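S.K.: First residue of the sequence shown: 1, per UniProt numbering; consecutive thereafter. By construction, the Cβ of each residue, glycine as well, lies at the ideal position given by its N, Cα and C atoms. Computed from a prediction, not measured in an experiment: that's the story for all the values here. Dumping the structure here so I can ask a few things about it.
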Amino acid sequence: MDEFQLIRSYFQPDARGEGVVLGVGDDAALLQPAPGQLLVTCVDTLVAGVHFPEDAPPDAVGHKALAVNLSDLAAMGARPRWFQLALTLPEIDEAWLAAFSSGLHRLAAEQDVALVGGDTTRGPLTITVQAMGEVAPAQALRRTGARAGDRLYVTGTLGDAAQGLALWQRGVRSAGGDDPAGFLIDRLHRPTPRMAAGRAAAGLARAAIDISDGLLADLGHLLEGGEGLGAVLQADSLPLSPAYRAHCEDSLPGRAALSGGDDYELLFAVAPENEAAFQTALQHVPAGCTCIGWITEDSAITLQGDGKAQVLTRQGYQHFN
Ligand SMILES: Nc1ncnc2c1ncn2[C@@H]1O[C@H](COP(=O)(O)OP(=O)(O)OP(=O)(O)O)[C@@H](O)[C@H]1O
Ligand SMILES: Cc1ncc(C[n+]2csc(CCOP(=O)(O)O)c2C)c(N)n1
Ligand SMILES: [Mg+2]
1 MDEFQLIRSY FQPDARGEGV VLGVGDDAAL LQPAPGQLLV TCVDTLVAGV HFPEDAPPDA
61 VGHKALAVNL SDLAAMGARP RWFQLALTLP EIDEAWLAAF SSGLHRLAAE QDVALVGGDT
121 TRGPLTITVQ AMGEVAPAQA LRRTGARAGD RLYVTGTLGD AAQGLALWQR GVRSAGGDDP
181 AGFLIDRLHR PTPRMAAGRA AAGLARAAID ISDGLLADLG HLLEGGEGLG AVLQADSLPL
241 SPAYRAHCED SLPGRAALSG GDDYELLFAV APENEAAFQT ALQHVPAGCT CIGWITEDSA
301 ITLQGDGKAQ VLTRQGYQHF N
């Protein structure tokens with residue numbers, strides 16, 4: 001199998017997505033965004049051994065490469081439409097490619113996003129996805145604009161994936177969602193992009209970000225979008241899954257939930273006057289959305305719990321430290 005057979009076999013789906021004037025197979029794709037919508041675009045790379053364990057299931061790698069990008073579109077309040085895939089492979093392994101592409105195409109079909117192009121090269125296993133979506137100009141969610149007094153809301157639960165990674169690195173290989181370890185590992189390998197939450201919050205939240213590097217680090221980015229802002233987090237309010245609680249060795253909420261990374265949940269700052277409308281819009285979102293604290297004028301991030309207040313550093317995952 002050569003490079004072009006590989007593309008035809010695994011990455012040239014028959015179905016033509018809506019708005020795809022020209023997809024896989026030419027020098028570039030031609031895309032038609034809906035009239036009046038802004039094109040939203042982002043790109044994220046996954047490197048084997050850095051973003052996923054070298055022995056992660058290949059269908060999970062395909063899923064995650066797309067999911068982390070859809071998460072960035074969700075954080076902008078966008079509707080996902082198209083994506084490109086740049087694949088660097090050490091060799092052609094057809095079993096790996098079949099599983100990888102099935103994980104990728106399954107999520108693409110679920111979210112109605114079309115693969116419109118990419119690039120295939122030889123080298124250390126690296127997957128780059130560039131995703132594109134659309135949003136009405138007045139609805140786009142940004143990282144900037146949060147203000148003191150805004151309430152902080154987060155989707156889903158925190159820290160599951162970081163605990164899943166710790167379990168995987170200790171050799172635990174439970175799959176599926178039934179036992180707690182399997183649930184946590186699944187949250188690492190197969191994050192669910194929070195598209196419905198992002199769309200519901202569009203036009204209602206004052207600022208938004210997705211949590212990839214850990215709550216404190218990404219909350220830090222949200223706070224940098226204003227002037228000298230800090231936050232109060234309430235320890236008892238942080239959403240933690242039963243599996244997380246069962247496996248947490250620290251005192252709760254624990255390091256993983258605060259700065260573990262790989263959550264791919266959405267964090268919103270909501271103005272007090274919009275809070276009721278925001279809660280109504282988010283109440284039927286499957287992942288749920290929890291108020292975890294509020295933004296302050298004092299630049300510290302403080303965790304309140306057990307009658308104590310603890311100042312936290314804005315630490316999280318960083319590639320160069
Ligand atoms: N090499 C680069 N050249 C140009 N812009 C970049 C480059 N790397 C990152 N950026 C931009 O910097 C900003 C922050 O990037 P970062 O990767 O931290 O965001 P993110 O994608 O939300 O985070 P994560 O990758 O953890 O999901 C984004 O707007 C991104 O487009
Ligand atoms: C094998 C392995 N080691 C470590 C991690 C944790 N991790 C890697 S990158 C990242 C942040 C997001 O990346 P980026 O900022 O590049 O989008 C996190 C939390 C993992 N998932 N797999
Ligand atoms: Mg992001």
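Does the beta-carbon distance from Met132 to Val40 come in below 8 Å?
M.R.: Cβ atoms of Met132 and Val40: closer than 8 Å.
S.K.: Assign Glu265 to one of three DSSP states: helix, strand, or coil.
M.R.: Correct three-state label for Glu265: strand.
S.K.: Just to confirm the assignment, what range does the alpha helix (DSSP H) spanning Ala95 have?
M.R.: Where Ala95 is concerned, the enclosing alpha helix (DSSP H) stretches over 94 to 111.
S.K.: With DSSP as the reference, label Gly182 as helix, strand or coil.
M.R.: The answer is helix: DSSP assigns Gly182 an H, G or I state.
S.K.: Within its chain, find whatever has a CB closer than 8 Å to the CB of Leu38; leave out the 5 residues flanking it on each side and keep chain order.
M.R.: For Leu38, where only same-chain residues beyond five positions count, the Cβ hits under 8 Å are Glu134, Val135, Ala136, Pro137, Ala140.
S.K.: For Phe83, report the span of its beta strand (DSSP E) as first-last.
M.R.: Looking at the DSSP string, the run of the beta strand (DSSP E) that includes Phe83 is 79 to 89.
S.K.: Can you tell me which of Asp44, Arg199, Gly77, Leu238 puts its alpha carbon nearest to the alpha carbon of Leu152?
M.R.: Of the listed residues, the one whose Cα sits closest to Leu152 is Leu238.
S.K.: Counting C-beta neighbours from all protein chains within 10 Å, is the total for Arg206 16 or more, i.e. buried, or is it exposed?
M.R.: The residue is buried, with at least 16 neighbouring Cβ atoms inside 10 Å.
S.K.: What residues match up with Met195 in a beta bridge as DSSP calls it?
M.R.: The partner list for Met195 (beta bridge, DSSP) is empty, contrary to what the question assumes.
S.K.: If Pro57 and His189 are in contact, beta carbons under 8 Å, what's the gap, nearest whole angstrom?
M.R.: With a Cβ gap of about 7 Å, Pro57 and His189 count as contacting.
S.K.: Distance, Cα to Cα, Ala181 vs Glu249?
M.R.: If I take the Cα positions, the gap works out to 14 Å.
S.K.: Throw me the rounded Cβ distance for the Gln315 and Ala217 pair, which I believe falls under 8 Å.
M.R.: At roughly 6 Å, the Cβ-Cβ gap stays under 8 Å, so Gln315 and Ala217 are in contact.
S.K.: For the pair the segment 250 to 258 and the segment 108 to 118, tell me if three or more CB-CB distances fall below 8 Å.
M.R.: Short answer: they don't touch.
S.K.: How about Ala166 and Arg187: are their beta carbons less than 8 Å apart?
M.R.: In this structure, Arg187 does not lie closer than 8 Å to Ala166 by Cβ.
S.K.: When the distance is taken between beta carbons, is Ile295 closer than 8 Å to Leu229?
M.R.: In this structure, Ile295 lies closer than 8 Å to Leu229 by Cβ.
S.K.: What residues match up with Thr157 in a beta bridge as DSSP calls it?
M.R.: DSSP, once it has assigned bridges, lists no residue as partnering Thr157.
S.K.: The beta strand (DSSP E) that contains Thr290, what's its start and end?
M.R.: That run of the beta strand (DSSP E) goes 289 to 296.
S.K.: Spell out the partners DSSP gives Leu31 in its beta bridges.
M.R.: Leu31 is bridged to Val20.
S.K.: Using alpha carbons as the reference points, say which of Leu233, Cys289, Ser101, Ala196 lies closest to Val129.
M.R.: Ranking the options by Cα distance to Val129, first place goes to Ser101.
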